[in-house]
Each structure stands twice: as structure tokens, then as C-alpha cells.
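*Asks:*
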Amino acid sequence: MTANNQTVVTGKLIGVGVGPGDPELLTLKAFRLIQQADVISFLVNDDNVSQARMIAGEAVTGAAFEIPLLMPMSKDRTLADKVYDQAAERIKQQLYSGKNVVFLCEGDPLFFGSFAYLLERLQAEFVCEVVPGITSINAAAASIPTPLTKLTDSFAVVSGRHSDERLRDTLINHNSVAIMKAGKSRQRILSALNDTNRLEDASYLEYIGRDEQFIERDVSKLPNEAGPYFSLFLVTNRSGEKR
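If you use the numbering used here, the sequence shown corresponds to residues 207 to 449, in order.
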């Protein structure tokens with residue numbers, strides 16, 4: 207960056223994936239960059255709690271300046287965009303002062319990650335780097351354990367927020383399916399699994415890698431009610447049927 211023909215040295219924005227919950231799933235690179243960071247930023251809920259910050263734990267040194275960013279749990283994109291705009295401005299101040307900012311993100315920063323919204327606001331102006339993290343899907347498959355794909359299997363990722371038709375079509379046309387953000391949509395997902403004869407292929411997982419982790423391999427036993435936000439279904443090709 208230049209100003210009045212003089213080079214202005216700015217800091218670097220680094221999106222670091224901290225994995226789904228188990229601190230031992232932090233990569234060595236993630237641990238090192240968190241320890242070396244001038245500034246650590248992360249999202250917090252209304253109770254000022256950050257799961258990403260908790261996962262990073264001992265990797266965060268006392269020397270780092272911390273910027274918690276409140277993200278209201280709302281589907282209102284206008285409100286969310288306003289929050290990300292404000293967050294980007296706060297981070298800009300640190301980057302302009304020459305400090306490197308590490309933004310902690312659960313799972314992987316670019317896979318349903320909040321970092322993506324900061325990246326699109328800042329990458330045209332600053333040097334940005336991403337350190338990939340272990341996703342909840344990979345951790346879930348390891349927890350069962352079962353292969354996500356083999357040979358020519360097709361694999362799809364959808365959200366519980368998708369329509370019933372999209373859920374059914376995906377379950378019909380792909381060998382393996384991960385259904386993210388399953389909590390409030392659990393009843394609809396169970397119906398889609400039943401309609402496509404894939405109940406026996408499905409496993410349900412909550413809070414992967416955390417103390418409250420819960421796994422149900424027989425999803426027909428699940429209560430027909432909403433579940434927690436941090437939950438997903440893994441539907442794998444147990445029958446070996448080609449799709």
C-alpha cells in the first residue's frame with residue numbers, strides 16, 4: 207500500500223481454523239500463528255462466550271491483544287452485514303498500525319466459516335492468509351468411524367436450511383451426504399431420510415470433539431423434535447449401491 211508515494215507497511219489478516227472442538231485437533235501451523243499473533247479476534251455470542259477462543263485455549267498468549275466481536279444469532283442478513291462491516295473496521299485499525307491479526311474460526315475458515323465475510327471486505331486492501339482447519343464433517347466421520355467416500359462415490363454437502371425438495375434430491379442422487387446446521391431442521395431431515403429410504407444409512411452427531419459429544423447411529427431412535435445448532439447428519443453409502 208502506498209500513500210503520498212511512500213510505502214505504508216500494514217499487518218496481515220490471517221484466518222485460522224481451530225477445528226470442531228477438540229484442542230488437540232489444532233494443526234501445528236495454527237498453534238504457531240496463534241502464539242505469534244499481535245492481535246487475536248473471534249466471534250462471541252450474547253453471553254460473551256466464544257467457542258473458537260475456548261478451543262484455541264493455551265495457544266493464545268497473554269501478549270496478544272484480543273478483539274471479541276459480538277455476532278447476534280439472527281437470520282437477518284442486513285443485521286449480519288452491519289456487524290461484519292463494523293468488525294472489518296475494527297480489524298482495519300489494527301492492520302493499519304502494522305499488527306498481524308489472527309481471526310479464530312471454528313472448523314475451517316472457508317467452509318461455512320465466518321471468516322469468509324471478513325475476507326471479502328478486507329482482501330482487496332490487505333495481505334490475507336488462510337490456515338485450513340479440520341471440519342466437523344471430517345471429525346464426525348472419524349468419530350463413527352466410517353469412510354465418507356470410496357472409489358467412484360459421489361459426495362454432497364447441504365444445509366438443513368435447504369428446501370425439502372433439495373434435501374430429497376441430494377439424498378437420492380449422491381452416495382454420501384453431509385447435512386449441516388441440522389438442529390432446527392431435524393424433523394424435516396428425518397422425514398427426507400425416510401422418504402428416500404436412507405434412514406439406515408444415516409448417523410446423527412452433536413458437538414463433535416467436545417465434552418458433550420453425542421452420536422446416534424440409529425437415527426430412528428431420535429426424538430422427532432429440534433436439536434442443538436451444532437449438529438449434523440452423515441449419510442454414507444453403507445449399502446454399496448451405486449447412485
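Where is the CB? At the ideal position from N, CA and C, for every residue including glycine. Predicted model, so just to flag it, every value in this text is computed and none were measured.
If you follow the beta strand (DSSP E) that Glu326 is in, where does it begin and where does it stop?
*Replies:* Sequence index remark: in the sequence shown, residue 326 carries index 120 (1-based). First-last for Glu326: Phe321 to Leu328, but that is the alpha helix (DSSP H), not the beta strand (DSSP E).
*Asks:* Just mark Pro434 as buried or exposed, buried being the case when its beta carbon has 16 or more other beta carbons within 10 Å.
*Replies:* Position 228 of the sequence shown holds residue 434. Burial call: exposed.
*Asks:* For Val289 and Glu331, what's the separation of their Cα atoms in angstroms?
*Replies:* To locate residue 289, count along the sequence shown from 1; it is residue 83. To locate residue 331, count along the sequence shown from 1; it is residue 125. Cα to Cα, Val289 sits roughly 19 angstroms from Glu331.
*Asks:* Rounded to whole angstroms, what's the CA-CA distance from Asp424 to Arg392? Just pull it up for me.
*Replies:* Counting from one through the sequence shown, the residue named residue 424 turns up at place 218. Counting from one through the sequence shown, the residue named residue 392 turns up at place 186. When rounded, the distance between both Cα atoms is 14 angstroms.
*Asks:* Using three-state DSSP, classify Tyr410 as helix, strand or coil.
*Replies:* On the sequence shown, position 204 is the one that residue 410 refers to. Correct three-state label for Tyr410: strand.
*Asks:* Within this structure, are the beta carbons of Gly223 and Val337 separated by less than 8 angstroms?
*Replies:* If you number the sequence shown from 1, residue 223 lands on position 17. If you number the sequence shown from 1, residue 337 lands on position 131. Yes, these two residues count as a Cβ contact at 8 angstroms.
*Asks:* Helix, strand or coil for Met386 per DSSP?
*Replies:* Your numbering for residue 386 matches position 180 in the sequence shown. Note: Met386 maps to strand in three-state DSSP.
*Asks:* Hey, is the segment 345-357 in contact with the segment 435-444, meaning 3+ C-beta pairs nearer than 8 angstroms?
*Replies:* Because the criterion of three Cβ pairs below 8 angstroms is met, the segment 345-357 and the segment 435-444 touch.
*Asks:* What residue from Pro226, Ser365 and Ser382 has the CA that sits closest to Ile261's CA?
*Replies:* Numbered from 1 along the sequence shown, position 55 holds the residue referred to as residue 261. That would be Pro226, whose Cα lies nearest to the Cα of Ile261.
*Asks:* On the three-state DSSP scale, how would you describe Ile350?
*Replies:* Here residue 350 corresponds to residue number 144 of the sequence shown, with the count starting at 1. The answer is coil: DSSP assigns Ile350 none of H, G, I, E or B.
*Asks:* Measuring only the C-alpha atoms, how far is Gln300 from Asp407?
*Replies:* For the purposes of this step, residue 300 is identified with residue 94 of the sequence shown, where counting begins at 1. For the purposes of this step, residue 407 is identified with residue 201 of the sequence shown, where counting begins at 1. C-alpha separation (whole angstroms): 48 angstroms.
*Asks:* Keeping to the same chain, check which residues put their C-beta closer than 7 angstroms to that of Leu316; ignore five residues upstream and five downstream.
*Replies:* Here residue 316 refers to the residue found at position 110 of the sequence shown. Here the set comprises Ala322 and Val336.
*Asks:* With respect to the beta strand (DSSP E) encompassing Ala362, which residues constitute its N-terminal and C-terminal limits?
*Replies:* Translated into the one-based positions of the sequence shown, residue 362 becomes position 156. Counting along the chain, the beta strand (DSSP E) containing Ala362 begins and ends at Phe361 to Ser365.
*Asks:* Leaving aside the five residues before and after Ala209 along the sequence, list all residues of the same chain whose C-beta is less than 8 angstroms from its C-beta, in chain order.
*Replies:* For the purposes of this step, residue 209 is taken as the residue at position 3 of the sequence shown. Bear in mind that a pLDDT of 48 at Ala209, under 50, signals an unreliable position, so the model cannot answer this.
*Asks:* Give me, in chain order, the residues of the same chain whose beta-carbon lies closer than 7 angstroms to that of Leu405; leave out the 5 immediate sequence neighbours on both sides.
*Replies:* By one-based count along the sequence shown, residue 405 stands at place 199. Excluding positions up to five away in sequence, the list reads Leu399, Val425 and Ser426.
*Asks:* With DSSP as the reference, label Gly223 as helix, strand or coil.
*Replies:* Numbered from 1 along the sequence shown, position 17 holds the residue referred to as residue 223. Gly223: strand per DSSP, three-state reduction.
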